[in-house]
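Okay, structure first, notes after.
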Amino acid sequence: MTTKRHSPVHDDERPPLLASPLSSTAAAPARSHAAIDHSGTNGQAPVNAESCAAVEAEKHQSGSAADPARWILHVDIDAFFAAIEQLRDPRLRGKPVIVGAGVIASCSYEARRFGLKAGMSLSEAKRLCPDAVILEGHAQVYRCFADQIFACCRDVAPAVETFLDEAYCDLSGTERLHGDLLAAGASLKQRVLDATGLTVTCGLGPNRMLAKLIGKTVKPDGLARITPQEADAFLVDRPIEQLAGVGHSHAKTLRSMNLHTIGALRALSADALAALFGSPGRMLYERCRGRDTAVVTEREIPLSISRETSFHRDTADRTEIEGMLEYLVGRACRAARELGIQPRTVAVRFRYTDDESDEQARSLKIPSSTDPVVLAVALDILCRRFTRRVALHAVGVSLSNFASDLAEQGSLFDEAEAGRRQALYEAFDGVRDAYGHGVLVSGRALNLKGRVKEDRHGFVLRTPSLTK
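Numbering (full-length UniProt numbering), first residue to last: 1 to 468.
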């Protein structure tokens with residue numbers, strides 16, 4: 001396992017990178033540090049001591065965590081929203097910065113020293129860090145920065161899968177192009193810094209899961225590599241919550257069974273995990289052994305489209321809840337229409353003020369991306385599931401299991417009516433493209449006016465990343 005950590009960058013100050021080779025046992029490695037000279041190297045680190053011959057030998061070793069021929073680079077933007085705000089306003093540098101409204105969407109590393117983290121309520125954040133600077137955020141600006149960073153990723157990898165503040169880059173088979181892949185990661189970090197002024201943390205591993213996990217050990221502004229042979233020792237003592245696919249609910253169940261580490265999870269058979277968690281249990285069986293076969297792909301059709309937000313104030317007001325749900329359905333359906341796809345499945349989820357949550361998915365009789373069809377199902381789910389006499393903190397909708405726009409043809413709906421409905425909403429989309437989404441608001445969403453702040457892009461949701 002090899003790690004490199006960059007010192008924080010302020011203004012035009014660019015300290016040298018530090019290289020920290022770790023022993024291959026990954027038990028209690030000794031660290032040695034050597035400065036990396038950027039002059040004349042385009043920001044690349046020197047070639048790592050691990051030879052190509054060693055990598056070839058790994059390919060034939062049985063029981064490895066993953067196919068050693070695969071190399072995935074995980075790129076994580078450090079303190080994304082907060083870092084951009086500090087970059088835009090130098091007065092915020094070195095100060096605890098929070099981006100969010102109602103809950104923390106992102107916070108600077110200065111704020112994290114006080115125990116702050118994403119998802120924490122602002123009231124709790126203010127109690128822990130009274131001097132924190134709280135900003136509502138600028139979603140459009142964040143997207144522009146993300147696009148620049150992901151463009152840098154695409155310059156070095158043939159396949160890049162992007163998310164809000166992270167990307168997976170498949171570097172498999174690019175050794176002849178890049179030479180040492182860890183050096184390619186260092187070069188990418190420098191390119192991102194030069195292009196945006198932001199730092200990223202990179203983890204290089206034989207699969208997506210290991211690449212992301214090893215990167216987390218060197219945040220912020222770090223660079224690390226893990227080999228298949230190091231995976232077992234690296235995973236065995238890590239907390240169960242760090243395993244991809246183990247959320248709060250699964251972790252609670254496993255800890256109640258006295259299973260606290262990833263290594264301890266291996267005591268359960270695949271059938272036992274499937275009995276506990278269904279089909280995801282079999283995936284956990286593989287992942288706790290370091291195996292992850294998920295590929296990196298630039299999906300033209302996403303697996304799902306989600307829109308969700310917390311309320312400005314926890315509420316049990318049906319008018320406000322249904323209005324927000326209709327607005328979110330409209331945003332999600334518009335995103336589906338832009339991609340020329342129609343969901344077969346609609347899910348509604350909500351979280352109560354006491355942190356209990358509920359979710360239900362339902363299939364549409366006919367795939368559709370028009371607002372009324374999806375909304376009817378979403379409202380019915382809400383009506384049937386929102387039964388507790390407790391205020392809601394957040395609500396969201398998710399569309400999935402997509403079909404192409406041609407799927408509705410030949411349905412039980414009258415084709416002429418379906419065509420008129422589709423044309424109507426495509427016309428709405430055209431108006432919104434020209435004048436902003438907020439120019440057209442209809443139905444129950446009108447009840448949000450005066451309750452939720454608006455701009456030309458529509459209602460400003462509590463979480464900046466979800467105002468889209």
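Ideal Cβ placement from N, Cα and C applies to all residues, glycine included.
message = My assumption, with CB atoms under 8 angstroms, is that A139 sits in contact with I98. Please give the rounded CB distance.
response = The beta-carbon separation of A139 and I98, rounded to 16 angstroms, does not stay under the 8 angstroms limit for a contact.
query = Three-state secondary structure (DSSP) at A26?
reply = Residue confidence for A26 is low, a pLDDT of 35 falling below 50, so the modelled location carries little weight; the figure read from the coordinates is stated next. In this structure, A26 counts as coil in the three-state DSSP scheme.
inquiry  = DSSP three-state label for E105, please.
reply    = Here the sequence assigns Ala to residue 105, which means Glu is not the residue at that position. Correct three-state label for A105: strand.
ask   = To which residues does DSSP link A394 through a beta bridge?
value = A394 pairs with S310 and R351.
ask   = Are the region 370–390 and the region 277–288 touching by the rule of at least three beta carbon pairs closer than 8 angstroms?
value = Counting Cβ pairs under 8 angstroms, fewer than three are found: no touch.
message = If the criterion is Cβ atoms closer than 9 angstroms, does the pair C129 and G115 meet it?
response = Going by beta carbons, C129 and G115 fall inside the 9 angstroms limit.
task = Mind checking who T345 pairs with in its DSSP beta bridge?
result = DSSP lists S363 and S400 as the bridge partner or partners of T345.
key: Buried or exposed by the 16-neighbour rule on C-beta atoms within 10 Å, applied to N258   = Classification of N258: exposed, given that the 10 Å Cβ count is below 16.
request  = Less than 8 angstroms between the CB atoms is what I'm expecting for V390 and D354, so what's the real figure, rounded?
outcome  = Contact flag correct, Cβ pair sits at about 6 angstroms.
key: Buried or exposed (CB count within 10 angstroms, at least 16 for buried), D237   = Exposed is the call here.
key: E110 classed as buried or exposed, judged by whether at least 16 other C-beta atoms fall within 10 angstroms   = Buried: at least 16 other Cβ atoms inside 10 Å.
key: Spatial neighbours of E241 in its chain, beta-carbon cut-off 6 angstroms, leaving aside the 5 residues before and after   = For E241, where only same-chain residues beyond five positions count, the Cβ hits under 6 angstroms are A251.
query = Terminal residues of the continuous beta strand (DSSP E) containing G203?
reply = Annotation for G203: the continuous beta strand (DSSP E) segment containing it runs V200 to G205.
task = With a floor of 4 residues, list each alpha helix (DSSP H) that falls wholly inside the region 222–251, ordered by position along the chain.
result = Within the region 222–251, the complete alpha helix (DSSP H) runs of at least 4 residues are 228–236.
inquiry  = For the pair the region 373–387 and the region 336–348, tell me if three or more CB-CB distances fall below 8 angstroms.
reply    = Judged by Cβ distances under 8 angstroms, the region 373–387 makes contact with the region 336–348, as three or more pairs qualify.
request  = Whole angstroms is fine: what's the gap from R208's alpha carbon to I214's?
outcome  = If I take the Cα positions, the gap works out to 10 angstroms.
message = In the DSSP assignment, the alpha helix (DSSP H) including V329 goes from what residue to what residue?
response = Here the alpha helix (DSSP H) through V329 covers R318 to E338.
key: G278 classed as buried or exposed, judged by whether at least 16 other C-beta atoms fall within 10 angstroms   = In summary, G278 is exposed, with fewer than 16 beta-carbon neighbours lying within 10 Å of its beta-carbon over all protein chains present.
task = Kindly indicate which three-state DSSP category H74 falls into: helix, strand or coil?
result = Reduced to three states, the DSSP call for H74 is strand.
key: Whole-angstrom distance between I305 and S357, CA atom to CA atom   = Rounded to the nearest angstrom, the two C-alpha atoms are 20 angstroms apart.
task = Taking G137 as the reference, give the member of P158, G100 and F163 with the closest Cα.
result = Per the Cα distances, G100.
inquiry  = Buried or exposed, going by whether 16 or more other CB atoms sit within 10 Å of the CB of C144?
reply    = Answer is exposed; the Cβ neighbour count stays below 16.
V218 - DSSP class collapsed to helix/strand/coil = It is coil, neither helix nor strand.
query = So what does I98 bridge to, in DSSP terms?
reply = According to DSSP, which records beta bridges pairwise, I98 is partnered with C107 and I134.
key: Alpha carbon of G281 to alpha carbon of A275, nearest angstrom   = For G281 and A275, the gap between their C-alpha atoms comes out near 8 angstroms.
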